[in-house]
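S.K.: Below is the structure I would like to discuss, written out as structure tokens.
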Amino acid sequence: MPPFPATPIAKLTGHTGPVHAVAYSSSPHSYILTGAADRTIRLYNPSKAPPSSVAPTSSAAYAPGLVTKYNAHGYEVLSIDVNAANDRFVSTGGDKTVFLWDVQTAQTVRRFTGHAGRVNRGVFGGEGDSVIVSASFDGTVRIWDVRSTSYKPIMTFSDAKDSVTDVLVFEGEIVSASVDGRVRSYDLRTGYCEVDVIGYPVTSLTLSKKGTEVLVSSLDSTVRLMDRGNGQLLKAYRDEAFVNTDLRVRSTLGLNDSVVLSGSDDGMVFAWDLLGGTALHKFRHSEMREVRGKAEKKEKGRKDIVSAVAFCPSRREWASAGGDGNVVVWGTDS
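The sequence shown lines up with residues 1 to 334 when you count with UniProt numbering.
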């Protein structure tokens with residue numbers, strides 16, 4: 001079995017607040033987009049940002065590997081999703097607005113308004129990425145038609161009893177996660193809504209490649225793999241050093257769905273074996289190192305959170321986004 005990517009190979013600096021969102025560009029996945037509390041989105045070429053990178057000392061100076069900055073958000077940026085064509089991306093945040101961007105011009109193409117609270121997540125869906133689905137603190141999921149001139153959503157789901165933290169699209173289904181402890185699956189063809197009760201506030205959803213399982217993060221320091229067909233719990237991922245009880249933390253699947261990866265409230269990143277459920281690796285994000293043996297719990301602070309992780313779809317590589325304003329890219333020595 002090839003080695004797990006555990007070596008820091010790049011450090012993306014320049015944000016002046018916690019990084020909440022990290023996303024690889026579409027194929028060939030050469031670039032990384034980041035969104036942060038400083039209201040900016042940044043596009044990086046990680047190959048130009050060595051692990052020794054340091055943040056620029058003035059706002060005018062460009063950070064290593066930085067390609068361009070995107071400025072339109074008036075509040076913190078909470079999510080980024082890139083379309084398959086690699087020419088547009090969607091971002092959401094604290095300004096209750098869904099932004100659709102043109103990558104090359106660094107300008108917003110559309111702005112969708114109507115949410116009554118911060119927008120926690122926005123993702124592309126539909127044929128040719130023709131719609132955007134957004135999830136908000138206001139408890140709604142909304143579908144926006146990218147091709148229409150109308151600025152009103154074409155559909156709104158208001159079933160959640162609390163903030164909707166994440167959403168994903170799979171064929172004719174929309175799956176949402178909420179602080180009310182539920183995962184809701186909407187079948188757009190039949191109009192039927194199926195509800196799975198997790199019992200704790202849910203902060204993150206990731207679909208398996210087959211689409212038959214969903215990875216769920218919740219605020220009981222547990223990541224769960226659920227069967228989408230019957231709602232059965234397939235595996236739970238925990239560790240005595242894994243802390244996620246207060247903050248929105250995202251988890252994801254990687255290495256052809258063989259590994260579960262998650263950030264934490266206190267600056268650690270954990271990688272579990274999908275089938276066995278054992279913690280294979282533990283990392284301290286801010287120190288850019290793997291933790292061997294027993295990892296001690298740290299006193300939590302805003303700068304310690306690792307709220308987002310992303311696995312590169314084509315290489316043995318992943319990224320962790322920290323409250324320290326940095327993104328660390330991890331790979332192999334070879």
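Using N, Cα and C, we set each Cβ at its ideal position, and we do this for glycine too.
Here the structure is a predicted model, which means the values were calculated and not measured.
Can you look up residue 317 in the DSSP assignment and give me helix, strand or coil?
M.R.: Three-state result, residue 317: coil.
S.K.: So, for residue 261: in the same chain, excluding its five sequence neighbours on each side, which residues have a beta-carbon less than 6 Å away from its beta-carbon?
M.R.: Contacts found: 252, 254, 271, 309.
S.K.: Taking only runs of the beta strand (DSSP E) that begin and end inside the region 135-192, which ones reach a length of at least 3 residues, in chain order?
M.R.: Complete beta strand (DSSP E) runs here, min 3: 141-145, 155-157, 164-170, 173-178, 182-187.
S.K.: So, at 6 Å on beta carbons, what are the nonlocal neighbours of residue 158 in its own chain, with the 5 sequence-adjacent residues on each side left out?
M.R.: Correct list, in chain order: 140.
S.K.: Is residue 217 a contact residue of the ligand ZN, with contact defined as CB to any heavy atom under 7 Å?
M.R.: In the structure on display, the ligand ZN does not appear, and there are no ligands present to speak of.
S.K.: So the beta strand (DSSP E) residue 213 belongs to, where does it begin and stop?
M.R.: Segment 213-218, the beta strand (DSSP E) holding residue 213.
S.K.: Considering only residues of the same chain and omitting the five flanking positions on each side of residue 84, which have a CB-CB separation below 7 Å?
M.R.: Contacts found: 26, 129.
S.K.: If we ignore side chains and look at the alpha-carbon of each, how far apart do residue 269 and residue 224 end up?
M.R.: So the alpha carbons of these two residues sit roughly 16 Å apart.
S.K.: Leaving out the 5 sequence neighbours to the left and right, which residues in its chain are closer than 6 Å to residue 204 when beta-carbon positions are compared?
M.R.: The answer, listed in chain order, is 166, 217, 250, 251.
S.K.: Which whole-angstrom value is the C-beta distance of residue 263 and residue 328, which I expect to be below 8 Å?
M.R.: About 11 Å separates the two Cβ atoms, so there is no contact after all.
S.K.: Hey, how far is the Cα of residue 77 from the Cα of residue 101?
M.R.: Between residue 77 and residue 101, the C-alpha separation is close to 13 Å.
S.K.: For the beta strand (DSSP E) holding residue 308, just list the boundary residues, first then last.
M.R.: Looking at the DSSP string, the run of the beta strand (DSSP E) that includes residue 308 is 306-311.
S.K.: Output the distance between the C-alpha atoms of residue 173 and residue 148, rounded to the nearest integer angstrom.
M.R.: Their backbone Cα atoms lie some 21 Å apart in a straight line.
S.K.: Looking at C-alpha atoms only, which residue of 220, 234, 4 is the closest neighbour of residue 212?
M.R.: Closest option to residue 212, Cα to Cα, is 234.
S.K.: Would you call the CB atoms of residue 59 and residue 122 closer than 8 Å?
M.R.: No, the Cβ-Cβ distance between residue 59 and residue 122 is not below 8 Å.
S.K.: Within 10 angstroms of the Cβ of residue 312, are there 16 or more other Cβ atoms? Answer buried if so, exposed if not.
M.R.: Buried is the call here.
S.K.: What number of angstroms, rounded off, separates the C-alpha of residue 286 from the C-alpha of residue 37?
M.R.: Those two C-alpha atoms are separated by around 17 Å.
S.K.: Considering only their Cβ atoms, is the gap separating residue 96 from residue 118 smaller than 8 Å?
M.R.: Yes. Within cutoff.
S.K.: Would you mind working out which of 169, 190, 228 sits nearest residue 198, comparing C-alpha positions?
M.R.: Closest by alpha carbon: 228.
S.K.: How long is the line joining the alpha carbons of residue 35 and residue 279, rounded to whole angstroms?
M.R.: Residue 35 and residue 279: Cα-Cα distance of roughly 28 Å.
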